[in-house]
Amino acid sequence: MDLDRLLGQAVEVGASDVHLKVNQFPKLRRDGILQTVEGWPRLTEIDLYAALERVCKYDQARLQSFAGRGDLDIAYTGDNRLRFRVTGFKQRGHTSLAFRLIPGQMPSFQALRLPPGVERLANEQRGLVLVTGPTGAGKSTTLGAIVDHINRTRDLHIVTIEDPIEVVHDDHRSLVQQREVGFDTESFRLALRQVLRQDPDVIMIGELRDAESAETAVQAAESGHLVLSSMHTIDAAETVSRLIEFFSETKQKQVRSILAGVLQGVVSQRLLPKVGGGRVPAVEVMVANRRIADLIRNDESELIGDAIEAGAFFDMRTFEQALIELVVNGAVDSEVASNAASSKHDFLVAANHAVRVHAAAEKA
Numbered sequence: 002m003d004l005d006r007l008l009g010q011a012v013e014v015g016a017s018d019v020h021l022k023v024n025q026f027p028k029l030r031r032d033g034i035l036q037t038v039e040g041w042p043r044l045t046e047i048d049l050y051a052a053l054e055r056v057c058k059y060d061q062a063r064l065q066s067f068a069g070r071g072d073l074d075i076a077y078t079g080d081n082r083l084r085f086r087v088t089g090f091k092q093r094g095h096t097s098l099a100f101r102l103i104p105g106q107m108p109s110f111q112a113l114r115l116p117p118g119v120e121r122l123a124n125e126q127r128g129l130v131l132v133t134g135p136t137g138a139g140k141s142t143t144l145g146a147i148v149d150h151i152n153r154t155r156d157l158h159i160v161t162i163e164d165p166i167e168v169v170h171d172d173h174r175s176l177v178q179q180r181e182v183g184f185d186t187e188s189f190r191l192a193l194r195q196v197l198r199q200d201p202d203v204i205m206i207g208e209l210r211d212a213e214s215a216e217t218a219v220q221a222a223e224s225g226h227l228v229l230s231s232m233h234t235i236d237a238a239e240t241v242s243r244l245i246e247f248f249s250e251t252k253q254k255q256v257r258s259i260l261a262g263v264l265q266g267v268v269s270q271r272l273l274p275k276v277g278g279g280r281v282p283a284v285e286v287m288v289a290n291r292r293i294a295d296l297i298r299n300d301e302s303e304l305i306g307d308a309i310e311a312g313a314f315f316d317m318r319t320f321e322q323a324l325i326e327l328v329v330n331g332a333v334d335s336e337v338a339s340n341a342a343s344s345k346h347d348f349l350v351a352a353n354h355a356v357r358v359h360a361a362a363e364k365a
């Protein structure tokens, strides 16, 4: 099986992901829908092992580890220069591989259809900025776009800790050092302990996954660094609560006080089917202000949504406000948007009103 040809064919038709499974035709995901890659036979165990060897060609230790553990997470660049994040796993005794396309050239905020609040947060000098959302929501791309923006506009030292490295950043105005767990450093834990000794201005941690990474991120932000990371949470309120829950109950009051001072903002996103094909992000943006800080400090994160809704002056917007904007602009069908909203009925009432107001303004 020619792995690079298969992946290239999938990308040509707009695939974001490719799945390989023994005794199954290759599958691709396009616009969120799983479908068969045309012109390819069912895959054999030999095909999957050959693909696995190809992916691990320059990292035999990962290949040997997979044989014992049955799990793999690695970045792969083919001869056609297409780059993927690859997840390997065992199922029913057979090897399966999932490939996710990584953009070769980082799109701008505008090209990604990200709201102004994202660039506002990218321009911060210090503090903690989090990008959140479910798996497949484009968190890595948004984080990559923020790093790229800083790299092109400011003279800083950027250090990233990733597992694996997804978006590769060349040096522009900034000096960018990218460290891959298992390749450049033994573990996340060791890299996190060392990063503050490397004279960084900006630290990008691929994901806050436990108390240690959360504590390091908060400490680095508190000491004057700009810290970027991601979490698997759906909105700002849940993000704040989850971040605090990483810590023991005896520390949570102190952490809330620190977080109120260092958290600069949260970008929460989901991808929705776009009218005419493709997908578009619906993005909630929380930008820290005095009201947000008070809510965090006083353990009232359930009220953060209300503060975001009233925070347009600070480039904030809720997920529902983002959905309404997409409907008004004709990017997303109202039925699709309403299914993503927390209250379908309330959303449809608000969206229909916004569409009428927009139409009246267009006629005036």
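Using the numbering used here, the letters of the sequence shown correspond one by one to residues 2 to 365.
Idealized CB from N, CA, C, for every residue including glycine.
What are the uninterrupted segments assigned as beta strand (DSSP E) that are 3 or more residues long and contained completely in the stretch 112-147, given in chain order? 128-133
CA nearest to the CA of Arg180, picked from Thr161, Val203 and Asn152: Thr161
Kindly provide the ranges of any alpha helix (DSSP H) runs that are 4 or more residues long and lie completely inside the stretch 49-77, ordered along the chain. 61-70
Could you pull out every unbroken alpha helix (DSSP H) segment of at least 4 residues lying fully inside the stretch 148-212, listed in chain order? 189-196
With the cut-off set at 7 angstroms, would you say Gln27 and Leu49 are in Cβ contact? At residue 27 the sequence reads Pro, which differs from the Gln that was named. For Pro27 and Leu49, no; Cβs fall outside 7 angstroms.
Beta-bridge pairing of Gly266 - partner residues as DSSP gives them: Val130 and Val288
Buried or exposed for Arg84, going by 16 or more other Cβ atoms inside 10 Å? buried
Return the chain-ordered ranges of every alpha helix (DSSP H) run that is complete within the stretch 293-321 and spans a minimum of 4 residues. 305-310
Test: Met205 CB closer than 7 angstroms to a CB of chain C: Judged by its chain identifiers, the structure shown contains no chain C, having just a single protein chain.
For the alpha helix (DSSP H) containing Thr88, name the first residue and the last one. Element bounds for Thr88: not the alpha helix (DSSP H) but the beta strand (DSSP E), Arg84 to Gln92.
Take the Cβ of Asn340 as the centre, count every other Cβ of all protein chains shown within 10 Å, and call the residue buried at 16 or more, exposed below. exposed
Could you tell me if Phe247 is buried or exposed, where buried requires 16 or more neighbouring beta carbons within 10 angstroms of its beta carbon? buried
DSSP three-state call for His95: helix, strand or coil? strand
Taking the alpha carbon of Gln178 as the point to measure from, which residue in Thr45, Pro201 and Ser344 has its own alpha carbon closest? Pro201
Take Thr45 and list the residues in its own chain whose beta-carbon comes closer than 7 angstroms to its own, dropping the five residues that flank it on each side. Val23
Alpha carbons only, please: which of Gly40, Gly15, Val12 and Ser17 is nearest the one belonging to Gln25? Gly40
By the three-class DSSP mapping on this structure, what secondary structure does Phe100 have? strand
So what's Ala323 in DSSP terms, helix, strand or just coil? helix
So the candidates are Glu163, Val56 and Ile47; which of them puts its Cα closest to the Cα of His95? Ile47
When the Cα atoms are used, what is the spatial distance from Pro165 to Val14? 26 angstroms
Thinking just about the alpha-carbon of each residue, which of Pro108, Arg298, Leu102 and Leu273 is nearest to the one in Gln255? Arg298
Give me the Cα-Cα distance between Lys252 and Arg30, rounded to the nearest whole angstrom. 43 angstroms
Between Ala338 and the rest of its own chain, which residues show a CB-CB distance below 8 angstroms, the 5 nearest in sequence each way excluded? Leu273, Ala283, Leu324, Ile325, Leu327, Val328, Phe348 and Ala352
On the premise that Ala238 lies in contact with Glu303, defined as a C-beta separation below 8 angstroms, what is that separation, rounded to the nearest angstrom? 6 angstroms
Could you round the C-beta distance between Val219 and Ile259 to whole angstroms and report it? I think they count as a contact, below 8 angstroms. 6 angstroms
Under 7 angstroms between C-beta atoms of Arg1 and Glu167: Beyond the ends of the chain as shown, which are 2 and 365, falls residue 1; an answer cannot be given.
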